[in-house]
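Line by line, the protein sequences give chains A and B.
Here the first sequence is numbered in the working numbering, starting from 1 and rising by one per residue.
Here the second sequence is numbered in the working numbering, starting from 39 and rising by one per residue.
Heads up, the beta-carbon is just placed ideally off N, CA and C, and yes, glycines get one too.
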Amino acid sequence: SVARRAVAEVAQHNKVPHPVGFVPPPPPCPGKIRHFKI
Amino acid sequence: VPAAPLAPLGCDDPESEAAAEFAVNYINGHNHHGFKFDLNRIENIRMIHQGPNNYVIFLELDLLETSCHVLSPTPLKNCTVRSITQHAVEGDCDVKLQKLDGAFSVLASKCNSHADSSEDVLQICPGCALLAAFNNTEVLTAVATALNDHNSKTPDAYLRLLEIGRANIQYAPAHVVYVEFAVAATNCSAAEAKDNVEACQLLPDDQSNFGFCTATMVIHPSQDLSVDCRLYGHQVPTPDPGVTYSHPGYDTS
């Protein structure tokens, strides 16, 4: 369990940060509402 | 060998929208009662590869009722979606399509429609008229009275009721019944129909012989009636695009 925790920490540490102004893409589904939701 | 799933297709991708547009046109073209429905949202889409240029697409669609009767030649893009204050009706559809060599065809479709809840409508619009059942006595009276009123005032063809499309009743501050119904022209004039209405036959199934009426009947505080009937023959017929199908639906409800 010690080894696993160390791997997770390293993976988290190496994560590439999003550039400034990055807007995450919208979820693929469901799509946009064209009129209104009831 | 099971077909391999493709990379997920987003619900707002152009490919998804093209499939949904085809599906909505198919649904409207195969629905012979009530009103045309317009796409509100693509809820989900799955695409399965069947072979070279051959895919099966499963669509889940959320539709909304428009003001255009299914018999109306008005293209869907010119039809207004009913607002919440009119007591909107939603359609939930599951559609299975095939895309073969770039051409869509519908393999199966299933739709269920339901009205918005009365509580939701009244929360937004406390005085709004809510949908009423077609067999409601006031609705039936309003339709019969409106059609008689129209037929008695016009020298044109005697109109017969095809179906009631919608009815709303408001109780306060005034008691008002709003009805919308489809009609068909007969081979009689109103005067001829007065002598023997049974002899009046519907004209052949030509779109120009169908029409649509809206009527407002005020019951309280004072009685009043206004009726507007129009035959679709007075419009320029423009069929919706993409309503020709390479395969008729195998399983459509």
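- Among the residues of chain A, none has a CB under 8 Å from the CB of B/I65; the nearest is roughly 16 Å distant.
- The beta carbon of B/R204 does not come within 8 Å of any beta carbon belonging to chain A, so the residue lies off that interface.
- Put simply, the stretch 183–200 of chain B does not touch the stretch 139–153 of chain B. Fewer than three CB pairs are less than 8 Å apart.
- Residues of chain B whose Cβ lies closer than 7 Å to the Cβ of A/F36 are, in chain order, I122.
- Counting C-beta atoms within 10 angstroms of its own C-beta, B/H107 has 16 or more neighbours from the protein chains shown and is therefore classed as buried.
- Of all alpha-carbon atoms in B/I83, B/A231, B/I207, B/G72, the one lying nearest the alpha-carbon of B/G165 is that of B/I207.
- By the Cβ rule, the stretch 72–85 of chain B counts as touching the stretch 47–60 of chain B, because three or more pairs are nearer than 8 Å.
- Chain order gives the chain A residues near B/E128 as I38, where near means a beta carbon separation below 7 Å.
- Interface flag for B/V119 against chain A is set, since a Cβ pair is found closer than 8 Å.
- Among the residues of chain A, those whose CB is under 7 Å from the CB of B/I83 are C29, following chain order.
- Going by beta carbons, B/V217 and B/V159 fall outside the 8 Å limit.
- Rounded to the nearest whole angstrom, the CA to CA distance from B/E236 to B/L168 is 35 Å.
- Against chain A, the beta carbon of B/N78 has neighbours under 7 Å at I33, R34, H35, listed in chain order.
- In this structure, DSSP gives B/Q161 a helical state, which the three-state scheme calls helix.
- B/L102 and B/E128 do touch by the CB rule: their CB atoms are close to 6 Å apart, below 8 Å.
- If you look at B/F73, you'll find it in the beta strand (DSSP E) that goes 73–89.
- Note on B/D139: under 16 other CB atoms within 10 angstroms of its CB, so exposed under the neighbour-count rule.
- Neighbours of B/L102 in chain A, taken as residues at a C-beta separation under 9 Å, are given in chain order as R34, H35, F36, I38.
- Residue nearest to B/N116 within the set B/T123, B/S105, B/M85 is B/S105 (criterion: CA-CA distance).
- Put simply, the backbone Cα of B/H68 is about 50 Å away from that of A/P19.
- Taking every protein chain shown into account, the CB of B/I162 has fewer than 16 other CB atoms within 10 angstroms, so this residue is exposed.
- Note on B/R268: under 16 other CB atoms within 10 angstroms of its CB, so exposed under the neighbour-count rule.
- For B/A61, the CB contacts under 6 Å within the same chain, skipping 5 residues up- and downstream, are L97, V133 in chain order.
- In the three-state reduction of the DSSP assignment, B/D266 falls in the strand class, which pools E and B.
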